[in-house]
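Following: one structure in structure tokens, then a few remarks.
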Amino acid sequence: MHESLANSLAALNSILNTISAILLVLGFRAIKQKKKKLHAGLMISAFSVSVLFLISYLIRYYLTGHHSYPGEGFVKTLYLGILLSHTILAVLVPFLAIISLYFAIKKNFLKHKKIAKVTFPIWLYVNVTGVVIYLMLYRFVS
Numbered sequence: 468m469h470e471s472l473a474n475s476l477a478a479l480n481s482i483l484n485t486i487s488a489i490l491l492v493l494g495f496r497a498i499k500q501k502k503k504k505l506h507a508g509l510m511i512s513a514f515s516v517s518v519l520f521l522i523s524y525l526i527r528y529y530l531t532g533h534h535s536y537p538g539e540g541f542v543k544t545l546y547l548g549i550l551l552s553h554t555i556l557a558v559l560v561p562f563l564a565i566i567s568l569y570f571a572i573k574k575n576f577l578k579h580k581k582i583a584k585v586t587f588p589i590w591l592y593v594n595v596t597g598v599v600i601y602l603m604l605y606r607f608v609s
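The opening residue of the sequence shown carries number 468 in my numbering; numbering runs sequentially from there.
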């Protein structure tokens, strides 16, 4: 039961990461086009999806524990490198996203823009590498 649950939750997490990444890119595009209300809605949606991801991830980790990459050699080294960078940056994302959201809500757009320039690429990288990690761990294992 745990393996099936782990696979299902991991797939859900990957889907949530994908949705969040798409929302982030669309939100970035919206603000570049000066569509502020659309940008706000998309970024709040990205944040909400990321919160759902975090809840799902913590449930999966609590129920099924740590999952080790079964491969060897260069591919395992590549996986571990991606995982390390992903994990370090993933710890920062909630704080950066909350600070960015806070400044936007307070209408301090100078500070919002400054922190968002740091937050956006890190958040997007974490989303994309989360999907890559899922694919390497659950789909592309020989």
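Quick reminder that beta carbons are idealized off the backbone N, C-alpha and C, glycines included.
Check	Outcome
Environment of Ser471 [buried if 16+ CB atoms lie within 10 Å]	exposed
Reduced DSSP category for Ser481 - H, G, I as helix; E, B as strand; rest coil	helix
Alpha-carbon to alpha-carbon, Asn575 and Phe541	46 angstroms
Straight-line gap, His534 to Lys501 (C-alpha atoms, nearest Å)	43 angstroms
Beta strand (DSSP E) runs wholly inside the stretch 523-565, at least 3 long, in chain order	none
Lys501, DSSP secondary structure in three states	coil
Helix, strand or coil at Lys578 according to DSSP, with G and I counted as helix	helix
C-beta contact flag for Val516 and Ile486 at 8 angstroms	yes
8 angstroms contact criterion, which Phe587 and Leu491 should meet: CB distance rounded	7 angstroms
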